[in-house]
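2 protein chains.
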Amino acid sequence: MTPELDLSRRERKKEETKERILEAAFALFRKHGVEATTIEEICEKADVAKGTFFNYFPHKEAVFGYLSERWVTDAETRIGEILEKGGHLWPKLRDLFIEFASFYEEDRELSKHMMMEWTRQMHTPDDPLCRRWDELGAHAVRQLQARGELRRDVPAERASQVFGDVYHGTLVGWLGSPQPPFPLKDELRKRMTMVLEGLAPPAKEGK
Amino acid sequence: MTPELDLSRRERKKEETKERILEAAFALFRKHGVEATTIEEICEKADVAKGTFFNYFPHKEAVFGYLSERWVTDAETRIGEILEKGGHLWPKLRDLFIEFASFYEEDRELSKHMMMEWTRQMHTPDDPLCRRWDELGAHAVRQLQARGELRRDVPAERASQVFGDVYHGTLVGWLGSPQPPFPLKDELRKRMTMVLEGLAPPAKEGK
DNA sequence: GTCTAAAAGTGACTGTGGTCATAATTGATC
DNA sequence: GATCAATTATGACCACAGTCACTTTTAGAC
Numbered sequence: 001m002t003p004e005l006d007l008s009r010r011e012r013k014k015e016e017t018k019e020r021i022l023e024a025a026f027a028l029f030r031k032h033g034v035e036a037t038t039i040e041e042i043c044e045k046a047d048v049a050k051g052t053f054f055n056y057f058p059h060k061e062a063v064f065g066y067l068s069e070r071w072v073t074d075a076e077t078r079i080g081e082i083l084e085k086g087g088h089l090w091p092k093l094r095d096l097f098i099e100f101a102s103f104y105e106e107d108r109e110l111s112k113h114m115m116m117e118w119t120r121q122m123h124t125p126d127d128p129l130c131r132r133w134d135e136l137g138a139h140a141v142r143q144l145q146a147r148g149e150l151r152r153d154v155p156a157e158r159a160s161q162v163f164g165d166v167y168h169g170t171l172v173g174w175l176g177s178p179q180p181p182f183p184l185k186d187e188l189r190k191r192m193t194m195v196l197e198g199l200a201p202p203a204k205e206g207k
Numbered sequence: 001m002t003p004e005l006d007l008s009r010r011e012r013k014k015e016e017t018k019e020r021i022l023e024a025a026f027a028l029f030r031k032h033g034v035e036a037t038t039i040e041e042i043c044e045k046a047d048v049a050k051g052t053f054f055n056y057f058p059h060k061e062a063v064f065g066y067l068s069e070r071w072v073t074d075a076e077t078r079i080g081e082i083l084e085k086g087g088h089l090w091p092k093l094r095d096l097f098i099e100f101a102s103f104y105e106e107d108r109e110l111s112k113h114m115m116m117e118w119t120r121q122m123h124t125p126d127d128p129l130c131r132r133w134d135e136l137g138a139h140a141v142r143q144l145q146a147r148g149e150l151r152r153d154v155p156a157e158r159a160s161q162v163f164g165d166v167y168h169g170t171l172v173g174w175l176g177s178p179q180p181p182f183p184l185k186d187e188l189r190k191r192m193t194m195v196l197e198g199l200a201p202p203a204k205e206g207k
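Chains as they are written, first to last, in my numbering: chain A, 1 to 207; chain B, 1 to 207.
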C-alpha cells in the first residue's frame, strides 16, 4: 500500500509529509465532518505549516483524490487478476464492482465528497486518473468481447463508458437518496445486469 | 419564461431582485469566467448589498440551479407535448434530448459549473428538482412501455435512471474531454440507441 | 392617516482559503 | 569540510465568502 522501496531521503520525507497530511485530514473528517474541518486544523494535526498543505493539494477536497487513486489502483489489480484466469468473466467482474460498493456504504459523507471530487476531476481534460479508469474499462470490455460474452459490434470504449455511467450514476443516486437509502448492492446488480443483457451477443444454437 | 401574472408588489420586487442578480451573475461569468467573478462584483452590478445575495442563493455556484430549473421545466413541457401526440415516442424523445445538448455546446465552461451544481444537488436528499427530473423520466418510460416500445418487465424507474445516467455521463465525459471534444450529439444518439435496443421488447411475429 | 408584524435589504465584521516572498533543507560538486 | 542550485517548508499577508444584528420597506388592521 505504501511502496517506499528505494527512494532518496528527500523523496521519503515528501511521502511522509503527504501521508501525515492525509492521515490528519481523514481523521478530522471522520471526527467532525468534512465541512467543519478547516485546512488550518489539518495542518496543526499534521504538524506542518499551511503553505505546505498547498504544496501537496490545491484545495481541501483534493485529498479525496487519494481515495480515488487507491480505488482505481485496486480495481486495476483485481481486474487484472480476473482477466488472467479463465471461465466466465462477467460474473466475476460484476461481483467485484458490487464488492467495491462496500466502500461507499461504510461512510456516506466521505463518499459524497469523494464523488464530488471525482466529478471535478472528470471535468479536467486529460486527467491521468480518469484516463486510467477509462482504459481499464475498455480493456475489460474487450476481453468480454473476445470471450463471446458481449456483442462485438459495439466499440469497447462506448460499452465501457455506458457501464461506467450506470455504475457511477447508481452510486450518486444512492448517496443522494433519503435515509434509509435503497439497497445499493442489489440495485447495482440489477442495473448492471440489465445493461449487460442488452449487450449480450445474439444467441447461437449450440452452447 | 417569467411568469409574473398576479403577484403582490412585494413578490414582484423579490422576483425582480432575483432576476437582477441572475442577470448580473451570468453576464460576469460570460465576460470574466466563473472563478474570476466574485460575489461582490455580482452584487455591485446587480446593485444590491452582499447580504442580499445570500438571501437568494447559498453560494455563488447556486445561481446555476436556475439553469437546471429552466432545463427541467423545458423538458417537462416538451416531453409533455410529445406524450400527448401519437406515433412512435422514442425517436421524438431521443431527438429532443439530443437537441437539448445544444445548450452544453454553447458554453462549455458555464455548462461545467452547471453540471457540478447539479451533481451537488443530486447529493442532497429529497432535492425537489431532482425529484421532478426522476418523475419525468419514469413517466416517459412508462409511456414507452405502454406503447410497446420498451420491455414491460423492467421497472420504469430503473430503466429511466439508466437512461439518465448514460445521458448525464456522456455529457460529463464530453465536458471533460480535451479539445477538440468528440461529437457530442452523435455520441449521445449512439449511446442512447444502444441502451434502448438492449431494452427493446422481444420481437413479435407480426408487424 | 397611524400602528404593527413580517419580509426584505444592508454592510460592518470575522474566519478561512489561498498566495508568495523568504528561509531552511537537501544532495551533489569541488 | 565549503559552495551552490534545486527542492521543500514556512507563516505573514490579503481578498473573499459568508454571517448577523440592525434598518428599511411592505401590507394589512384600525
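Ideal Cβ placement from N, Cα and C applies to all residues, glycine included.
The residues Ile42, Cys43, Ala46, Val48, Thr52, Phe53, Tyr56, Phe57 and Val63, in chain order, have a CB closer than 8 Å to that of Ile21 of chain B in the same chain once the five nearest residues on each side in sequence are set aside. With a contact defined as Cβ atoms closer than 8 Å, Leu83 of chain A and Ala156 of chain A miss out at about 13 Å.
When Cβ pairs closer than 8 Å are counted between the two stretches, the segment 131–151 of chain A is seen not to touch the segment 122–132 of chain B, the count staying below three. Leu136 of chain A places its beta carbon less than 8 Å from that of Glu76 of chain A.
Cβ neighbours of Trp133 of chain B within its own chain (closer than 6 Å, five residues either side excluded): Val72. Against chain B, the CB of Cys43 of chain A has no partner CB under 8 Å away; the residue lies outside that interface. Distance from the CA of Glu40 of chain A to the CA of Ala159 of chain B, rounded to the nearest whole angstrom, comes to 46 Å.
When secondary structure is reduced to three states using DSSP, Arg20 of chain B falls in the helix class. Here His168 of chain B is near Gly169 of chain A, since their CB atoms are less than 8 Å apart. When 8 Å is used as the limit between beta carbons, Pro178 of chain A is near these residues of chain B: Pro125 and Asp126, in chain order. His168 of chain B has a beta carbon lying within less than 8 Å of a beta carbon in chain A. In this structure, the alpha-carbon of His123 of chain A lies about 12 Å from that of Thr119 of chain B. Within the segment 175–203 of chain B, Leu175, Gly176, Ser177, Pro178, Gln179, Pro181, Glu187, Lys190, Arg191, Met194, Val195, Leu196, Glu197, Gly198, Leu199 and Ala200 place their CB atoms closer than 9 Å to a CB of chain A, listed in sequence order. In the displayed model, Gly86 of chain A falls within coil according to three-state DSSP, outside both helix and strand. Per DSSP, reduced to three states, the secondary structure at Thr77 of chain A is helical. About 13 Å separates the beta carbon of Gly164 of chain A from that of Val195 of chain B, a gap too long to meet the 8 Å contact definition.
Neighbours of Gly164 of chain A in chain B, taken as residues whose beta carbon is under 8 Å from its own, are Gly169 in chain order.
Phe182 of chain B sits exposed, since fewer than 16 C-beta atoms from the chains shown fall within 10 Å of its C-beta. Interface criterion met: the Cβ of Gly173 of chain A is under 8 Å from a Cβ in chain B. At a cut-off of 8 Å between beta-carbon atoms, Arg78 of chain A makes no contact with chain B. Rounded to the nearest whole angstrom, the CA to CA distance from Tyr66 of chain A to Ala25 of chain A is 11 Å.
In the DSSP annotation of this structure, the continuous segment of the alpha helix (DSSP H) that includes Arg189 of chain B starts and ends at Leu184 to Gly198. Under the three-state reduction of DSSP, Gln143 of chain A is assigned to helix.
Between the alpha carbons of Leu96 of chain B and Leu28 of chain A lies a distance of about 46 Å. Residues of chain B whose Cβ lies closer than 8 Å to the Cβ of Gln161 of chain A are, in chain order, Gly169, Thr170, Gly173 and Arg191. Residue burial annotation: Ala200 of chain B is exposed, with fewer than 16 other C-beta atoms found within 10 angstroms of its C-beta.
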